[in-house]
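Worksheet: the structure to be examined is printed underneath.
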Amino acid sequence: MNPPPQNLIPIFWEYANRRIPIRLLNHYRGMPVINDGWIERVEEGGILVGTHKNQIACLYLTHNTVVELEALQLTLSGQVIGIQLASRKALVGNFEPIPRPFVHRAQIRVEPEVPVQVFLRARSGYQEVNAAIKDLSTQGLGIYLERSLYHPRLYPVGGEIQVRFSLPINHKTTPHTAPLSGRTPMEERFSRESIRGLPQSSQPVKMTGSLPLATSSGNLNLRGIIRNVRPELGANRYRLGVLISTLDESGRLTLYQYMAQRQAELIRELNMLYEGIARLGS
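The opening residue of the sequence shown carries number 1 in the working numbering; numbering runs sequentially from there.
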C-alpha cells in the first residue's frame, strides 16, 4: 500500500477540513456512474471518502475509480483499498495523476442485457455479415466483428457501413398484484445466494404491485461512419466504434426508448447490488 504522494496530502487535508466535494467516476456495464464525494479523513494509506451508494457498488465491483478535484483541475486514478458498506465510505489510495484534459464519455452508453445480433454491410461490400453490439448510445455503436470477417479494406476508419438490428422495447401493461413464483432475473442476479455462490433456494418469492412488461422489437436500419477499430486478439475479434450518421425518426425514437429503458434497469441493478452486498457485510 503506497501512501498518497506528499504533494497531495495538503490538498486532501484542505478538502477534508473545508468539506469541498470531489467527483468520482466509474462505469457500470458501459453506463457512466458519476457522483460527488467528500473526504472524511486523510489516512496513512489514502483518503476515506463518503459517497452515493451506487458509487460504492461500482467501487466494490471494480476496485478502482477516477477522482476529480475540479477546483484545482486535477484528475487522479485511485485504487480501492477498503469499503465500509454500511456507512457508504471507501478508502482510496495508490493515486496516479491523469494528464489533462481528461475526457470521459459525456454520452450515456449502455451494454445490452442479452446479446443483440446485427447485420453489417460495408459500402464497398456486396453481402451482409453477422456481428454483435458491444454497447450503444444515442449517437453511436460499439460492434464486435469476428476476426475472420474483418478486412481493413472493407472497414477502414472513416468508412461508411450500413447496420440493421432489432432492440427489445418493454411496454408497461396493467398493474398486477398476484404473487409471482420465483425471482425476477434482476433479483436472481443479485440475490444473497448468488453473491455468495450458493445454490438457489426453490422457495417462491411473493411480490405485489409489480407491473408486467410486454416486449416488442424495434427495428433499426441506419448508416454509420467507422471512427475507430481496435483488435481484441484474446477474443479473436475486432471492436468497431461507429458514429450514427443516418437514422430515420422511427428508428431514433426506438433507440431513445431503449436507452431510457436500459439506463433505468442498470440503475435498479446498482441499487439491488448495493443492498445485497450491504446485507452480506452487516
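The C-beta atom is built at its ideal place from N, Cα and C for all residues, glycine as well.
If we ignore side chains and look at the alpha-carbon of each, how far apart do residue i and residue j end up?
i: isoleucine 98; j: valine 66; result: 9 angstroms
i: proline 152; j: leucine 240; result: 11 angstroms
i: methionine 259; j: proline 156; result: 28 angstroms
i: arginine 237; j: leucine 25; result: 28 angstroms
i: glycine 140; j: asparagine 17; result: 43 angstroms
i: serine 137; j: asparagine 35; result: 21 angstroms
i: leucine 91; j: glutamine 162; result: 47 angstroms
i: leucine 255; j: valine 118; result: 14 angstroms
i: leucine 286; j: isoleucine 11; result: As shown, the chain starts at 1 and ends at 282. That puts residue 286 outside it, with no answer to give.
i: proline 115; j: glutamine 79; result: 31 angstroms
i: arginine 223; j: threonine 246; result: 5 angstroms
i: phenylalanine 165; j: asparagine 221; result: 7 angstroms
CB of residue i to nearest heavy atom of the ligand COA: below 6 angstroms?
i: leucine 145; result: For the ligand COA, the structure offers nothing, since it holds no ligand at all.
Please list, in chain order, all residues of the same chain as residue i whose beta carbon is under 6 angstroms from its beta carbon, the five residues on each side excluded.
i: tyrosine 150; result: Tyr238
i: lysine 53; result: Arg88 and Tyr274
i: glutamate 111; result: Arg29, Gly30 and Asp135
Please report the residue range of the beta strand (DSSP E) in which residue i lies.
i: alanine 86; result: It is not in any beta strand (DSSP E) - alanine 86 carries neither H nor E in the DSSP assignment.
i: glutamate 68; result: 64–69
i: tyrosine 144; result: 140–146
i: isoleucine 39; result: 31–43
i: histidine 286; result: Since the first residue shown for the chain is 1 and the last is 282, residue 286 is missing from the structure and cannot be characterised.
i: tyrosine 238; result: 237–246
Give me the residue from the options with the minimum Cα distance to residue i.
i: isoleucine 39; options: Pro21, Tyr28, Lys53 and Gln73; result: Pro21
i: isoleucine 133; options: Tyr126, Gly125 and Tyr144; result: Tyr144
i: glycine 46; options: Glu269, Ile9, Ile277 and Met272; result: Ile9
i: leucine 154; options: Ala86, Leu270 and Ile226; result: Ile226
i: arginine 230; options: Glu146, Leu280, His27 and Tyr15; result: Glu146
i: glutamate 249; options: Gln257, Val129 and Leu243; result: Gln257
i: arginine 13; options: Glu43, Val129 and Leu76; result: Residue 13 is actually tryptophan in this sequence, not arginine. Answer by Cα proximity: Glu43.
Starting from the C-beta of residue i, find all residues in its chain whose C-beta is less than 7 angstroms away, skip the five residues before and the five after it, and write them out in chain order.
i: lysine 89; result: Glu40, Leu48, Val49 and Gly50
i: isoleucine 108; result: Met31, Pro32, Ser137, Met259 and Gln263
i: isoleucine 83; result: Ile56, Leu59, Tyr60 and Ala90
The alpha helix (DSSP H) with residue i in it runs from where to where?
i: arginine 18; result: 9–18
With a CB to CB cut of under 8 angstroms and the five nearest residues on each side skipped, what residues in its chain are close to residue i?
i: arginine 123; result: Gly159, Glu160, Ile161 and Gln162
i: glutamine 127; result: Arg121
Checklist line | Complete beta strand (DSSP E) runs within the segment 101–135 (minimum length 3 residues, chain order) | finding: 117–122, all fully within the segment 101–135.
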